[in-house]
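Residue numbers (the numbering used here): 88 to 498. Glycine included, each C-beta is placed from N, C-alpha and C at the ideal position. Remember, it's a predicted structure, so these values are computed and weren't measured experimentally.
Encoded structure:
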């Protein structure tokens, strides 16, 4: 097990030392060095907040617009700066934030120059709070995903300034459909890619809607050059298999997915749990058709609602999509011949989630020197938010392990 708790030993506590004496922990790019906090200094128009707010679409299906700005990135290892001009900047997410929450920002480096990149990336996400005032849930959830072998966007934290004014601490996350992400996780990154966002077309319930991708495309958005007709070669046949007779599932499903990987992703999502994701609202995940294996791979983004037990106390490891609906396809898979394997994976994920408690403590120690300058985190009593996350980790792990231990073949 390679969790960050083993990598922070001896990490300096002084704020300047934290940035200046970063420990190499296997992240070749300093942007993602988990023992450092880079600095992003954005230069935007004086009325940038009003401009960005005016660009928030009232139609969730509308194309997103952006304003032009520049970025000065401070390398946390060398202290040197890099400047990126004429980048696109927009608010990230949709208009569902409550009062007192903080919008995230999407930085679009190829907005005015298709060849422009930031450390090989086209886009970078600075995540808002959206109710997670520990600012750790996304990072910890993706660490758990990666630990179990699921492709997971890297997440770090950064200090963000706009026009010289400190905006606060922001988690920074990779874009899940960025070419750099696909290149890093798959031997062949030219496969078909489908994005399940949820806001525009509803949740992905894997319901058989026929042979025309037009009947699927509001739920499964074709990305990275994927054409509508490409879905006839992978996504639609998999959905038809999963909706066929239960007796045929054991034979046909391995034709379209790596069952071990599929069960792993479902197990981690169920163990978290998460309001979004495959096990939650059926949104915020990608489906990648890996050409090297003719296999559909599922991985998630936006896990910042993970580990909340208060509203999800009754979430069984066999319940997917409550209270938004029901996915018989996923339930059928978990209660099939693979149910014992699935329950074993849930137990493993729960054990690894418990082991992340030390990592949460280390990450909190890394962020703490900067919290006092973040008015939102001070207002929301950041230490209590971190404690709540640690409590949730322990409570959920214990809960799902009890259910998994009682699992029987066939559910």
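{"Item": "Assuming residue 369 and residue 245 form a contact by the criterion Cβ under 8 Å, report the distance between their Cβ atoms to the nearest whole angstrom.", "Value": "Rounded, the Cβ-Cβ distance is 30 Å, inconsistent with contact."}
{"Item": "Assuming residue 358 and residue 437 make a contact with CB atoms under 8 Å, what is their CB distance in whole Å?", "Value": "5 Å"}
{"Item": "In whole angstroms, give me the CA-to-CA distance for residue 153 and residue 174.", "Value": "9 Å"}
{"Item": "Can you name the start and end residues of the beta strand (DSSP E) that residue 254 belongs to?", "Value": "252–261"}
{"Item": "Between the Cα of residue 308 and those of 155, 353, 371 and 403, spot the shortest distance and give me the residue it belongs to.", "Value": "371"}
{"Item": "Can you tell which of 255, 142, 280 and 218 has its C-alpha closest to the C-alpha of residue 266?", "Value": "280"}
{"Item": "Within its chain, find whatever has a CB closer than 8 Å to the CB of residue 179; leave out the 5 residues flanking it on each side and keep chain order.", "Value": "190, 191, 192, 193, 212, 213, 214 and 215"}
{"Item": "Quick check on this structure: which residue in 317, 322 and 316 has the alpha carbon closest to the alpha carbon of residue 293?", "Value": "322"}
{"Item": "Where do the N-terminal and C-terminal ends of the beta strand (DSSP E) with residue 130 fall, by residue?", "Value": "126–130"}
{"Item": "Contact defined as beta carbons within less than 8 Å: I believe residue 464 pairs with residue 458. What is the distance between those atoms, to the nearest angstrom?", "Value": "5 Å"}
{"Item": "Relative to the C-alpha of residue 121, which candidate in 242, 177, 148 and 156 has its C-alpha closest?", "Value": "242"}
{"Item": "Since residue 178 is in the beta strand (DSSP E), which residue starts that stretch and which ends it?", "Value": "168–179"}
{"Item": "Kindly provide the ranges of any beta strand (DSSP E) runs that are 3 or more residues long and lie completely inside the stretch 292–340, ordered along the chain.", "Value": "308–310"}
{"Item": "Judging by CA-CA distance, which residue of 363, 128 and 491 is the nearest neighbour of residue 253?", "Value": "128"}
{"Item": "Enumerate in chain order the residues of its own chain whose CB-to-CB distance from residue 433 is below 7 Å, with the five nearest sequence positions on each side excluded.", "Value": "354, 357, 358, 404, 487 and 491"}
{"Item": "Check whether the Cβ of residue 121 lies closer than 8 Å to any Cβ atom in chain B.", "Value": "Annotation note: the requested chain B is absent from the structure, which comprises a single protein chain."}
{"Item": "DSSP beta-bridge partners for residue 244?", "Value": "258"}
{"Item": "So, helix, strand or coil for residue 377, using DSSP?", "Value": "strand"}
{"Item": "Using only the alpha-carbon positions, how far apart do residue 108 and residue 163 sit?", "Value": "Its pLDDT being 30, under 50, residue 108 is placed unreliably by the model, and the measurement read from it follows with that caveat. Cα to Cα, the separation comes out at about 8 Å."}
{"Item": "Could you check which residue in 448, 278, 287 and 312 has the C-alpha nearest to that of residue 379?", "Value": "278"}
{"Item": "In or out: residue 297 buried (at least 16 other Cβ within 10 Å) or exposed?", "Value": "exposed"}
{"Item": "Give me, in chain order, the residues of the same chain whose beta-carbon lies closer than 8 Å to that of residue 319; leave out the 5 immediate sequence neighbours on both sides.", "Value": "298 and 300"}
{"Item": "Heavy atom of the ligand SAM less than 7 Å from the Cβ of residue 403, yes or no?", "Value": "The ligand SAM is not part of the structure shown, which contains no ligands of any sort."}
{"Item": "Exposed or buried, what is residue 285 when buried is set at 16 or more other beta-carbons lying within 10 Å of its beta-carbon?", "Value": "buried"}
{"Item": "Of the residues 493, 461 and 489, which one's Cα is nearest the Cα of residue 220?", "Value": "461"}
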